[in-house]
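One structure is given below, encoded as C-alpha cells.
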Amino acid sequence: MTDYTKSLDRAFEQMPDYLTTDVRFSIPEPEVIIEGKTTVLRNFLEITDTINRDPVHVLKYLMRELGTAGKIDGTRAIFQGKFVTQTIQSQISAYVDEFVICSECGRPDTELVRNDRVLMLKCAACGAHRPIRKRRVRTAQSKDAIEEGGVYDVKIIGVGKKGDGFTHVDKYTIYVPKTIKGEIVSVKVNRVSGTLAFAEILERKSQEST
Ligand SMILES: [Zn+2]
Numbered sequence: 002m003t004d005y006t007k008s009l010d011r012a013f014e015q016m017p018d019y020l021t022t023d024v025r026f027s028i029p030e031p032e033v034i035i036e037g038k039t040t041v042l043r044n045f046l047e048i049t050d051t052i053n054r055d056p057v058h059v060l061k062y063l064m065r066e067l068g069t070a071g072k073i074d075g076t077r078a079i080f081q082g083k084f085v086t087q088t089i090q091s092q093i094s095a096y097v098d099e100f101v102i103c104s105e106c107g108r109p110d111t112e113l114v115r116n117d118r119v120l121m122l123k124c125a126a127c128g129a130h131r132p133i134r135k136r137r138v139r140t141a142q143s144k145d146a147i148e149e150g151g152v153y154d155v156k157i158i159g160v161g162k163k164g165d166g167f168t169h170v171d172k173y174t175i176y177v178p179k180t181i182k183g184e185i186v187s188v189k190v191n192r193v194s195g196t197l198a199f200a201e202i203l204e205r206k207s208q209e210s211t
C-alpha cells in the first residue's frame with residue numbers, strides 16, 4: 002500500500018457517518034411505460050420501500066401533482082394519461098425533498114408523524130422535528146419537464162443567432178420561430194432534445210415593452 006492510499010484510507014475513516022448514509026440512499030429510477038391511455042410505473046412499490054413511505058401517501062401526492070387519477074396495482078402504480086419518465090421522476094424527487102429528506106442534516110432517516118393535526122418530519126439522525134413545509138404552487142410553467150406535444154404559455158426572453166425567439170423554462174431552452182423578445186405566446190412543443198425544446202407558436206397573447 003502506498004502512502005497515498007494509506008492516507009486516503011485514513012481520510013475515509015475520519016469521515017462522519019452521514020456521508021456514507023447519503024450514498025446508500027439511491028432511489029430506483031422509475032420504470033415508466035405508457036400503455037394505451039395510461040402510464041404504468043412498474044417499480045412503484047420498490048420506490049416507496051426505498052424511501053420508506055406509505056405507498057398510498059405517495060400515490061395521492063403523485064395524483065395531485067400530475068393532476069390525474071391513479072391506483073396501485075400489485076407492485077405497480079397506474080395513472081390515467083401519458084407521462085414521460087422525466088415527469089414522474091421529478092415528482093418523486095419533489096416528494097422526497099418534501100416528505101423524506103431532513104432539512105437540517107440532509108439525511109433520509111426520517112419518519113412522518115402526526116402531531117395533533119400537523120404532519121411533522123422527524124429525523125432519527127439529528128433529532129430535528131419540523132412541520133412539512135407548505136408547498137409552493139406549481140403552474141404549467143414551473144413543472145420540471147417539458148413534454149413533446151405539451152402546450153405552454155411562455156414569455157420570449159431573447160432571440161437566438163438564427164433569429165428564433167427563445168425562453169427558459171426550468172433547465173429547458175425553448176425555441177419558438179417568428180417571435181420577438183418580450184412577447185407572451187402560447188406554444189406547442191414539437192420536439193425535445195436534451196434540454197433543448199423546439200416549439201411552434203399557437204397564439205400571440207400580448208407583448209410587454211422591453
Ligand atoms: Zn436530521
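Just add 1 to wherever you are in the sequence shown, counting from 1, and you've got our numbering. Cβ coordinates follow ideal geometry from the N, Cα and C atoms, glycine included. As the structure is a computational prediction, the values presented were derived from the model and not from experiment.
Does residue i come out as helix, strand or coil in the three-state DSSP assignment?
| i | result |
| --- | --- |
| Ala78 | strand |
| Thr69 | coil |
| Val57 | helix |
Taking the alpha helix (DSSP H) that residue i belongs to, which residues open and close that run?
| i | result |
| --- | --- |
| Val97 | Thr86 to Phe100 |
| Glu47 | Phe45 to Ile52 |
Beta carbon of residue i, beta carbon of residue j: below 8 Å?
| i | j | result |
| --- | --- | --- |
| Glu47 | Thr88 | no |
| Pro109 | Met121 | no |
| Ala200 | Tyr176 | yes |
| Thr49 | Phe80 | no |
| Thr180 | Ile202 | yes |
| Val1 | Val160 | Residue 1 falls outside the range modelled here, since the chain spans only 2 to 211, and no answer is possible. |
| Ala78 | Leu67 | no |
| Phe100 | Arg65 | no |
Would you give the residue range spanned by the beta strand (DSSP E) that residue i belongs to?
| i | result |
| --- | --- |
| Ala200 | Leu197 to Gln208 |
| Gly166 | Gly166 to Val170 |
| Arg131 | His130 to Pro132 |
| Lys83 | It is not in any beta strand (DSSP E) - Lys83 carries neither H nor E in the DSSP assignment. |
| Cys124 | Val119 to Cys124 |
| Glu149 | Segment: none, Glu149 is in no beta strand (DSSP E) and carries neither H nor E. |
| Arg115 | Thr111 to Asn116 |
| Ile28 | Looking at the DSSP string, Ile28 is not in any beta strand (DSSP E), and its letter there is neither H nor E. |
I'd like to confirm the pairing. Which residues does DSSP put opposite residue i in its beta bridges?
| i | result |
| --- | --- |
| Leu63 | In DSSP, Leu63 forms no bridge with anything. |
| Glu184 | Gln208 |
| Gly159 | Phe167 |
| Ile34 | Val41 |
| Lys189 | Val152 and Glu201 |
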